[in-house]
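*Asks:* Numbering-wise, the sequence shown is residues 29 to 200 according to the working numbering. Got a structure for you, written out below as structure tokens; questions coming shortly.
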Amino acid sequence: MRMPAILAVVGLLLVAGDARAGFYKWVDGNGKEYYTNDRTKVPHKYRDRATSVEMNDERVSVGDKPTGKASTAGREHKDKQGRGEEYWRKKAAKLRLTLRDQQDEYNLVLKQREDEDRKPKKPGAKKKKSHSALEKKKTKLEKDMARTRRMLEEYLPEEARKADAYPGWIRE
Numbered sequence: 029m030r031m032p033a034i035l036a037v038v039g040l041l042l043v044a045g046d047a048r049a050g051f052y053k054w055v056d057g058n059g060k061e062y063y064t065n066d067r068t069k070v071p072h073k074y075r076d077r078a079t080s081v082e083m084n085d086e087r088v089s090v091g092d093k094p095t096g097k098a099s100t101a102g103r104e105h106k107d108k109q110g111r112g113e114e115y116w117r118k119k120a121a122k123l124r125l126t127l128r129d130q131q132d133e134y135n136l137v138l139k140q141r142e143d144e145d146r147k148p149k150k151p152g153a154k155k156k157k158s159h160s161a162l163e164k165k166k167t168k169l170e171k172d173m174a175r176t177r178r179m180l181e182e183y184l185p186e187e188a189r190k191a192d193a194y195p196g197w198i199r200e
């Protein structure tokens, strides 16, 4: 029982290749050198010429240590006035927040008006005054929302285009 297990382990060790990565180098017909870590990737035509390459630290040339700071992958794009992405995102977010606040207030006015209409009607001028005040507020909010939407959808993108800012900066 032990003997077959030992033979199986020894057989696996013999069949298993070298555990460390071996690199192979070959030169094609045009004189170009190729390297691979898998001998089966060497074309059949060049397998007899493929040589095993041993990697060691002496063959690796790293070069001198860098003297200066590493440069960033790319400078951040700025518009013509030197404003970056953060400026445009904040400006668009402020307009969106203003529009949301106006819509909330508009919905509140609609609800107040609806509640007022549901109340039993009592004769008197007080109801007319509050109703007309709600109508004025509703009309004002509609105008304000239209102006804010226009600023967000037309003026801000146009301003960004003229300033050479990326359009994605003002999108939500």
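Just so you know, even glycine gets a beta-carbon here, dropped at the ideal spot from N, CA and C.
1) Alpha carbon to alpha carbon, how far is V137 from K165?
2) Is the beta carbon of T167 sitting closer than 8 Å to the one on Q130?
3) Determine the closest residue to Q109 out of R199, R30, E187, with distance taken between C-alpha atoms.
4) DSSP state of Y52, grouped into three classes?
5) Within 10 Å of its beta-carbon, does K119 have 16 or more other beta-carbons around it, so buried, or fewer, so exposed?
6) Going by the CB atoms, is the gap between V81 and Y62 shorter than 8 Å?
7) In its own chain, which residues sit with a C-beta less than 6 Å from the C-beta of Y134, not counting the 5 before and 5 after it?
8) Once DSSP output is grouped into helix, strand and coil, what is the label at Y62?
9) Measuring straight from C-alpha to C-alpha, what distance separates A153 and R141?
10) Can you tell me the Cβ-Cβ gap for R124 and E181, rounded? I've got them flagged as a contact below 8 Å.
11) Per DSSP, V81 is paired with what?
12) Below 8 Å on the Cβ atoms is my contact criterion, and I expect T79 with K53 to pass it. Report the Cβ-Cβ distance as a whole number of Å.
13) Using the beta-carbon count (16 or more within 10 Å), is D107 buried or exposed?
14) By a C-beta neighbour count over all protein chains shown, 10 Å radius and 16 as the cutoff for buried, is A193 buried or exposed?
15) On the criterion of 16 or more Cβ atoms from any shown chain inside 10 Å, does I198 qualify as buried, or is it exposed?
16) Do M31 and F51 count as a contact pair if the criterion is CB distance below 8 Å?
17) Could you check which residue in A174, E114, Y183, D145 has the C-alpha nearest to that of L162?
*Replies:* By the coordinates alone:
1) About 7 Å.
2) Contact annotation: T167 and Q130 have beta-carbon atoms that are not nearer than 8 Å.
3) Q109 has its Cα closest to that of E187, out of R199, R30, E187.
4) Secondary structure at Y52: strand, using DSSP grouped into helix, strand and coil.
5) Buried, since its Cβ has 16 or more Cβ neighbours within 10 Å.
6) Cβ distance not < 8 Å, so Y62 and V81 don't count as in contact.
7) Only L169 meet the Cβ criterion.
8) Y62: strand per DSSP, three-state reduction.
9) Bear in mind that the predicted position of A153 carries a pLDDT of just 49, short of 50, making it too unreliable to give a figure here.
10) Between E181 and R124 the Cβ distance is about 11 Å, and since that is not below 8 Å, they are no contact.
11) Assignment of beta-bridge partners to V81 by DSSP yields F51.
12) Contact annotation, T79 with K53: C-beta distance approximately 5 Å; criterion of less than 8 Å satisfied.
13) It counts as buried.
14) That one is buried.
15) Burial of I198 is indicated by the presence of at least 16 other C-beta atoms within 10 angstroms of its C-beta.
16) No.
17) Comparing Cα positions, the closest option is D145.
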